[in-house]
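J.:
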Ligand SMILES: *Cc1c(COP(=O)(O)O)cnc(C)c1O
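In my numbering, the protein residues as written are 44 to 532.
1. Cβ-heavy atom distance between residue 287 and ligand 1 below 7 Å?
2. How many angstroms separate the CA atom of residue 431 from the CA atom of residue 412?
3. For a quick check, are the C-beta atoms of residue 330 and residue 188 less than 8 Å apart?
4. Between which two residues does the alpha helix (DSSP H) harbouring residue 221 extend?
5. Using beta-carbon positions only, say whether residue 263 and residue 459 come within less than 8 Å of one another.
6. Secondary structure at residue 316, three-state DSSP: helix, strand or coil?
7. Can you check the segment 351 to 419 for any beta strand (DSSP E) of at least 3 residues that lies completely inside it and give the ranges in chain order?
8. With a threshold of 7 Å (Cβ to nearest heavy atom), would residue 532 be considered close to ligand 1?
9. Cα separation between residue 162 and residue 192?
10. I believe residue 428 touches residue 414 by the beta-carbon criterion, under 8 Å. Please report the beta-carbon distance rounded to the nearest angstrom.
11. Roughly how many angstroms lie between the CA atoms of residue 160 and residue 316, to the nearest whole one?
12. Cβ-heavy atom distance between residue 224 and ligand 1 below 7 Å?
13. Give the range of the alpha helix (DSSP H) segment to which residue 137 is assigned.
14. Going straight from the alpha carbon of residue 147 to that of residue 355, what length do you get?
15. Identify which residue in 97, 168, 265 has its Cα closest to the Cα of residue 417.
16. Hey, is residue 180 close to ligand 1, as in C-beta under 7 Å from one of its heavy atoms?
17. In whole angstroms, give me the CA-to-CA distance for residue 352 and residue 465.
18. Residue range of the alpha helix (DSSP H) that residue 277 falls in?
19. Less than 7 Å separating the Cβ of residue 214 from some heavy atom of ligand 1?
20. With contact counted as at least three CB pairs below 8 Å, one residue from each stretch, are the segment 141 to 157 and the segment 483 to 503 in contact?
21. Is residue 121 near ligand 1, in the sense that its beta carbon is under 7 Å from a heavy atom of that ligand?
22. Less than 8 Å separating the beta-carbons of residue 424 and residue 467?
23. To the nearest angstrom, how far is the alpha carbon of residue 311 from that of residue 59?
24. For residue 238, name the three-state secondary structure that DSSP assigns.
25. Out of curiosity, what's the CA-to-CA distance linking residue 512 and residue 245?
26. With a 10 Å radius around its C-beta and 16 neighbouring C-beta atoms as the bar for buried, classify residue 56 as buried or exposed.
27. Leaving aside the five residues before and after residue 363 along the sequence, list all residues of the same chain whose C-beta is less than 8 Å from its C-beta, in chain order.
28. By Cβ distance below 6 Å, which residues in the same chain neighbour residue 296 in space, the five residues on each side in sequence not counted?
29. Around the C-beta of residue 169, are 16 or more other C-beta atoms found within 10 angstroms, so that it is buried, or is it exposed?
30. Report yes or no: do three or more beta-carbon pairs, one from the segment 277 to 289 and one from the segment 224 to 232, lie closer than 8 Å?
31. Can the beta-carbon of residue 259 be found less than 8 Å from the beta-carbon of residue 303?
32. Using a Cβ-Cβ cutoff of less than 6 Å, which residues in the same chain neighbour residue 290 once the five nearest sequence positions on both sides are dropped?
33. Could you give the DSSP three-state label for residue 548: helix, strand or coil?
34. What's the gap between the Cα of residue 453 and the Cα of residue 205?
35. Looking only at its own chain, which residues have a Cβ that is under 8 Å from the Cβ of residue 324, when we skip the five neighbours before and after it?
36. By Cβ distance, which residues of its chain are closer than 6 Å to residue 500, with the 5 residues on each side in sequence left out?
Dropping the structure here:
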């Protein structure tokens, strides 16, 4: 371990200083006015380090992390595309960041205009009538959308509809959101090719079904070609269709969920519309609805009057209450708006085809070494079921760890649950041919290593600071302070 990679407390030496505030300028009065019981009795336990030590320590630490700005990040289902820096510039303009959510709307017309225009742009892209930008993330959008679905049935006196159908390939947030919204989950099976089994769906559709949640393309990256038939069946049974928009990237500007027959959807602005979001970073999950559901969207909502003035609407007839503080995560919306405007109406249509081309290029280039359970043209992502030659005992986890040694982030692994050794790869549209070729080359190399030297691959990664953390303990019993670490030791 390099010296500066140590914990900052280990770099500490008594009396070493970075910067010392001048003591006398404040005088005794500043401290004297503090009540005695609030005064510190002992010195705080802080590392004592020089400014140079601190700068080197944190600069070195920052290079230990992996991000889209560091290298290729083929994490399927997450759409880790490049986030143009102009988005950050726009989002940090003081004209926006220094606004207060409670200031007079007269003095915040520009921000409200951006908000309103984004609502409209998303509605156009989705083929739906209206959007709320309030929810904070995809899962929060799902909950909001399902609350709209419930409210719709309730408002019509249809109280029996308490079940929601979710495919067995669905993202885990779908059944979880349904439970939180107070709906019972019914599972519909996928066919061997990954699409929904319409014959399995039909018997589930009765007058207790509130609706179905789907994503299209589905989590295997395959377009649900029977969507029109599915929409017809669900609508005839009195249910609504919810579109999980996390896979909107390959559809952008090409196909609209509203045209496929969906009534409600969310969009993950941080995925499709580019905000850095690794490690649970800031998100936004706008929810759009078809015309007959507009009145059910949550408050507050931004609207425009006849004179072109923007205002904040707090109530509609049946609107849900608030689902967020004020209007939601404005910083992410600014980035999404900058992204949409910088692409423009024409170029936005190139996102889907390029993402699709990149995914198919990788899939076809690697299928001699990796097991492709579902052949055919995929959309933005696809799934391998581990190595083709599993005789050396090298698993998907081992391959994922080995990739880190080569400077690539691992793909999503062991999801979807349909296969034992799932490896889900999504390159997005923003990667160059050279990057894709390098990744393909390394994946072939790892497959070769797995045949010739499986133990070395099983021991990977060999170059990272941490190699095999106990993931359960890291999540359930995180050690977040030096004190805690010393107590545990
Ligand atoms: C990411 C994702 C979600 C959840 O979205 P968050 O913004 O992470 O809450 C839901 N469904 C699918 C298919 C996803 O990929």
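All C-beta atoms in this analysis are idealised placements derived from N, C-alpha and C, irrespective of residue type, glycine included.
T.: On the basis of the data shown:
1. For ligand 1, at least one heavy atom lies less than 7 Å from the Cβ of residue 287.
2. Approximately 5 Å between the Cα atoms of the pair.
3. Going by C-beta atoms, residue 330 is nearer than 8 Å to residue 188.
4. Residue range 216 to 223 is occupied by the alpha helix (DSSP H) that includes residue 221.
5. In this structure, residue 459 lies closer than 8 Å to residue 263 by Cβ.
6. Secondary structure of residue 316 (DSSP, three-state): coil.
7. 353 to 356, all fully within the segment 351 to 419.
8. False, no ligand heavy atom lies under 7 Å from that Cβ.
9. Using only the alpha carbons, I get a separation of about 20 Å.
10. Residue 428 to residue 414, Cβ: 4 Å. Contact.
11. One alpha carbon belongs to residue 160, the other to residue 316, and they sit about 15 Å apart.
12. Not so, every heavy atom of ligand 1 lies at least 7 Å from the Cβ.
13. Following the DSSP letters along the chain, one finds residue 137 inside the alpha helix (DSSP H) bounded by residues 137 to 140.
14. The C-alpha of residue 355 is placed about 10 Å away from the C-alpha of residue 147.
15. Restricting attention to 97, 168, 265, the CA atom closest to the CA of residue 417 is found in 265.
16. Result yes, Cβ under 7 Å from ligand 1.
17. Our two residues, residue 352 and residue 465, have alpha carbons roughly 52 Å apart in a direct line.
18. Per DSSP, residue 277 belongs to the alpha helix (DSSP H) from 270 to 279.
19. At least one heavy atom of ligand 1 is nearer than 7 Å to the Cβ of residue 214, so yes.
20. The segment 141 to 157 vs the segment 483 to 503: no contact.
21. The closest heavy atom of ligand 1 lies less than 7 Å from the beta carbon of residue 121.
22. Yes; because the gap between Cβ atoms is below 8 Å, this pair is in contact.
23. Roughly 47 Å separates the two Cα atoms.
24. Of the three classes helix, strand and coil, the one that applies to residue 238 here is coil, per DSSP.
25. Near 45 Å, if we compare the C-alpha coordinates of residue 245 and residue 512.
26. Exposed, since its Cβ has fewer than 16 Cβ neighbours within 10 Å.
27. Around residue 363: 187, 190, 191, 194, 339, 340, 341, 342.
28. Apart from sequence neighbours up to five positions away, the residues of its chain that approach residue 296 with a beta-carbon distance below 6 Å are 391, 392, ordered along the chain.
29. Counting the other Cβ atoms within 10 Å of the Cβ of residue 169 gives 16 or more, which makes it buried.
30. Output reads no: the segment 224 to 232 does not touch the segment 277 to 289.
31. With contacts defined by Cβ atoms closer than 8 Å, residue 259 and residue 303 form a contacting pair.
32. Hits under 6 Å: 258, 260.
33. No answer is possible for residue 548: the residues shown for the chain start at 44 and end at 532.
34. Whole-angstrom Cα-Cα distance: 39 Å.
35. Cβ neighbours of residue 324 beyond the five flanking positions: 313, 318.
36. 437, 441, 445, 492, 493.
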